[in-house]
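**Student:** First, the structure itself, so that you have it in front of you.
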Amino acid sequence: MQIPRMSGLARLDAIRGRIVQRLGLMTLTRRRPPFPNAPPTPPAGGMADQADITVLIPAYQHEDYIDGALRSVLAQTYQGFRILVVDDCSTDQTVARAREVDDPRITISLNASNMGLGASMVAALAQVDTPLVALLNSDDLYHPDRLRLSRDALLADAGVQVVATGVEVVDRDGGVLRAGRASRLLDGLQIFWWARWYARVMADQSPADLFLRLLHHNFLLTSSNVVCRTAFLREQARALASLKYCLDWHLFLTAAVDGQLVVLPGRLLAYRLHSSNTVWFSATARPVYAAEVNRVAVDAVHRALNATDVRKRAARRVELHQHVALNPEVDMRMIDSEGSAEERFAS
């Protein structure tokens, strides 16, 4: 069995995939789907003109998944939405597959050059004219009630800027992936250990303060878990434009520090875990990711301190340091240094 030259877990995962295929084990990996199989709902008369949510789908190299992502939006129980797909110069059939989904609510926009997730999303905001925006990566899926419940939460409290929900992790085929059922052989070592890490994260519900808990780890996982006010997203445009991997963590922390983040308990989002969709599995992306983590953490800590009464800042600084120190990705020397996040990363 000839395996292309590679190293570490990637090489083992390639060997695993061929063994599984040769032994005919692929059919044993099928897991149950995360959500009810709801068919697309035809647009109601006049709803497109009255839409108050734009579902923004940044797309890149997801020809196998874009159809499912689009159809999960079209199956929403709340129909007052538009869909804007922004493709970041995919070289596969992502755009062609998206165009095969025929619905008047879908607009497909093509970037002239590859911009990266943050810059692509910020540029796409120029095409958004609804008061609310829901993000969805082109390989993830919505529960049929996601838009309805998230919109209700935003409308119920004018102070809420971002709504997130519980997350159902799914495998490459869209089946529910739980730590206890993950397999070293069938799923691969990377996904096997990631599933166990996430199970530990979700088992630890402390602290109750969302901002402090997010400093520990981004348990909300992904930008697909963002439903927010368009104005809030535009206010964050400068920071988001330079982020490729941590824009979701930035949005969650920015909203949470001011008590403007609500997390609904139901698992209303399916986050698809496969070998090419996450920085966790890319050795070449890790240095950029590490830099972004520290930039976002520094900015969050400074934002929290600036929002604290001067007389209480010393105690607040100690509290923040205690919690952010629990995040193994954060270099505490960056947190302790002087100056703003922009100044630290400008040099």
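Sequential numbering from 89 applies to the sequence shown in our numbering. Glycine is no exception: its CB is placed at the ideal position from the N, C-alpha and C atoms. Small disclaimer: the values here were computed from a predicted structure and weren't measured.
Taking all protein chains shown into account, do 16 or more other C-beta atoms lie within 10 angstroms of the C-beta of M420, making it buried, or fewer, making it exposed?
**Tutor:** The count along the sequence shown starts at 1 and reaches residue 420 at position 332. M420 is exposed by the Cβ-count criterion.
**Student:** Under 9 Å between the Cβ atoms of G38 and Q348?
**Tutor:** Nothing in the structure corresponds to residue 38, since the chain is present only between 89 and 435.
**Student:** Using the C-alpha atoms, what's the distance from T253 back to L352?
**Tutor:** Locating residue 352 in the sequence shown gives position 264, where the first residue counts as 1. Locating residue 253 in the sequence shown gives position 165, where the first residue counts as 1. Within the model, the alpha-carbon separation for L352 versus T253 is close to 4 Å.
**Student:** Below 6 Å CB to CB, which residues in the same chain sit around Q181 once its five sequence neighbours on both sides are set aside?
**Tutor:** If you number the sequence shown from 1, residue 181 lands on position 93. The answer, listed in chain order, is E151.
**Student:** Hey, I279 and L224 are a contact pair by Cβ (cut 8 Å); roughly how many whole angstroms apart?
**Tutor:** Here the question's residue 279 lines up with position 191 in the sequence shown. Here the question's residue 224 lines up with position 136 in the sequence shown. Contact flag wrong, Cβ pair sits at about 21 Å.
**Student:** When you compare only the Cα positions, how much space is there between Y148 and L321?
**Tutor:** Counting from one through the sequence shown, the residue named residue 148 turns up at place 60. Counting from one through the sequence shown, the residue named residue 321 turns up at place 233. Using only the alpha carbons, I get a separation of about 21 Å.
**Student:** Using a Cβ-Cβ cut-off of 6 Å (strictly less than) and excluding sequence neighbours within five positions of W337, which residues of its own chain qualify?
**Tutor:** On the sequence shown, residue 337 is found 249 positions in, with the first residue counted as 1. Hits under 6 Å: N306, V384.
**Student:** Under the DSSP definition of a beta bridge, which residues are partnered with I230?
**Tutor:** The residue labelled residue 230 in the question sits at position 142 within the sequence shown. Checking the sequence shown, residue 230 turns out to be Tyr, not Ile. BP columns for Y230 point to L357.
**Student:** Between the C-alpha atoms of F433 and R239, what's the straight-line distance to the nearest angstrom?
**Tutor:** Position 345 of the sequence shown holds residue 433. Position 151 of the sequence shown holds residue 239. Below a pLDDT of 50, predicted positions are generally treated as unreliable, and F433, at 41, falls in that range; no measurement from the model is reported.
**Student:** Based on DSSP bridge pairs, tell me the residues matched to P146.
**Tutor:** Along the sequence shown, read from residue 1 onward, the residue named residue 146 stands at position 58. According to DSSP, P146 bridges with V174.
**Student:** Looking only at its chain, what residues have a beta carbon closer than 7 Å to the beta carbon of L414, apart from the 5 residues adjacent to it on each side?
**Tutor:** The residue you call residue 414 lines up with position 326 of the sequence shown. Cβ neighbours of L414 within its own chain (closer than 7 Å, five residues either side excluded): H304.
**Student:** Which of helix, strand or coil does DSSP assign to G254?
**Tutor:** Translated into the one-based positions of the sequence shown, residue 254 becomes position 166. DSSP places G254 in strand when its eight states are reduced to three.
**Student:** Is the number of C-beta pairs between the region 312-327 and the region 198-214 that are closer than 8 Å three or more?
**Tutor:** yes
**Student:** Work out the CA separation of V143 and V189 for me, nearest whole Å.
**Tutor:** Here residue 189 refers to the residue found at position 101 when the sequence shown is read from its first residue. Here residue 143 refers to the residue found at position 55 when the sequence shown is read from its first residue. Roughly 15 Å separates the two Cα atoms.
**Student:** Among the residues of its own chain, which have a CB less than 8 Å from the CB of P128, if the five just before and after it don't count?
**Tutor:** Position 40 of the sequence shown, counting from 1, holds the residue named residue 128. The answer, listed in chain order, is R159, L162, A163, D191.
**Student:** If I follow the unbroken alpha helix (DSSP H) through T342, where does it start and stop?
**Tutor:** Against the sequence shown, residue 342 aligns to sequence position 254. Segment 335-345, the alpha helix (DSSP H) holding T342.
**Student:** Going by other Cβ atoms of all chains shown within 10 Å of its Cβ, with 16 needed for buried, is V381 buried or exposed?
**Tutor:** Indexing the sequence shown from 1 puts residue 381 at position 293. Buried, by the Cβ-count rule.
**Student:** Going by C-alpha to C-alpha distance, which of F340, L220, T179, Q215 sits closest to V173?
**Tutor:** As a working note, residue 173 is residue 85 in the sequence shown. If we check each option's Cα against that of V173, Q215 comes out closest.
**Student:** Checking 9 Å against the spacing of the C-beta atoms, do D228 and S312 come in under that value?
**Tutor:** By 1-based counting over the sequence shown, the position of residue 228 is 140. By 1-based counting over the sequence shown, the position of residue 312 is 224. Yes, these two residues count as a Cβ contact at 9 Å.
**Student:** F299 by DSSP, collapsed to three states: which one?
**Tutor:** For this step, residue 299 is matched to residue 211 along the sequence shown. DSSP places F299 in helix when its eight states are reduced to three.
**Student:** So what does R317 bridge to, in DSSP terms?
**Tutor:** Here the question's residue 317 lines up with position 229 in the sequence shown. Paired residue(s): L220.
**Student:** Indicate the three-state DSSP secondary structure (helix, strand or coil) for V248 in the structure shown.
**Tutor:** Position 160 of the sequence shown, counted from the first residue, corresponds to residue 248. In the structure shown, V248 adopts coil according to DSSP, grouped into three states.
**Student:** DSSP on V189, reduced to helix/strand/coil?
**Tutor:** The sequence position of residue 189 within the sequence shown is 101, counting from 1. Reduced to three states, the DSSP call for V189 is coil.
**Student:** Just to confirm, is the Cβ distance from V264 to E256 under 9 Å?
**Tutor:** On the sequence shown, position 176 is the one that residue 264 refers to. On the sequence shown, position 168 is the one that residue 256 refers to. Yes, they are a contact pair.
**Student:** Would a check of beta-carbon distances place V250 closer than 9 Å to chain D?
**Tutor:** The structure shown contains no chain D; it is built from a single protein chain.
**Student:** Please report the straight-line C-alpha distance between L408 and P375, rounded to a whole angstrom.
**Tutor:** Along the sequence shown, one-based indexing puts residue 408 at 320. Along the sequence shown, one-based indexing puts residue 375 at 287. Going from the Cα of L408 to the Cα of P375 covers about 25 Å.
**Student:** If you run the structure through DSSP and keep just helix, strand and coil, what is S312?
**Tutor:** Reading the sequence shown from its first residue, position 224 is the one you call residue 312. Helix at S312.
**Student:** Give the single residue among V289, A378, R301 whose Cα lies nearest to the Cα of V412.
**Tutor:** The residue you call residue 412 lines up with position 324 of the sequence shown. Closest by alpha carbon: R301.
**Student:** In chain order, what residues of the same chain lie with their CB nearer than 7 Å to the CB of E417, ignoring the 5 residues before and after it?
**Tutor:** Residue numbering aside, residue 417 sits at position 329 when the sequence shown is read from its first letter. Contacts found: A378, V381.
**Student:** Between the C-alpha atoms of M422 and V386, what's the straight-line distance to the nearest angstrom?
**Tutor:** For the purposes of this step, residue 422 is identified with residue 334 of the sequence shown, where counting begins at 1. For the purposes of this step, residue 386 is identified with residue 298 of the sequence shown, where counting begins at 1. If you take the alpha carbons of M422 and V386, they lie about 7 Å apart.
**Student:** DSSP three-state call for F169: helix, strand or coil?
**Tutor:** One-based indexing of the sequence shown puts residue 169 at position 81. In the three-state scheme derived from DSSP, where H, G and I count as helix and E and B as strand, F169 is classed as strand.
**Student:** Roughly how many angstroms lie between the CA atoms of L242 and A200, to the nearest whole one?
**Tutor:** Counted from its first residue, the sequence shown places residue 242 at position 154. Counted from its first residue, the sequence shown places residue 200 at position 112. Distance between the alpha carbons of L242 and A200: 34 Å.
**Student:** Whose C-alpha, out of P232, V389, A139, is nearest the C-alpha of P122?
**Tutor:** On the sequence shown, residue 122 is found 34 positions in, with the first residue counted as 1. Selected option, being the one with the closest Cα: P232.
**Student:** Strictly by DSSP, which residues pair up with T179?
**Tutor:** Residue 179 sits at position 91 when you count from the first residue of the sequence shown. Paired residues: none, contrary to the question.
**Student:** Over the uninterrupted alpha helix (DSSP H) stretch that includes S208, give me the two end residues.
**Tutor:** Within the sequence shown, the letter at position 120 stands for residue 208. Taken as a continuous stretch (DSSP letters only), the alpha helix (DSSP H) holding S208 covers 205-212.
**Student:** Give me whichever residues DSSP pairs with S197 in a beta bridge.
**Tutor:** Within the sequence shown, numbered from 1, the residue matching residue 197 stands at position 109. BP columns for S197 point to V174.
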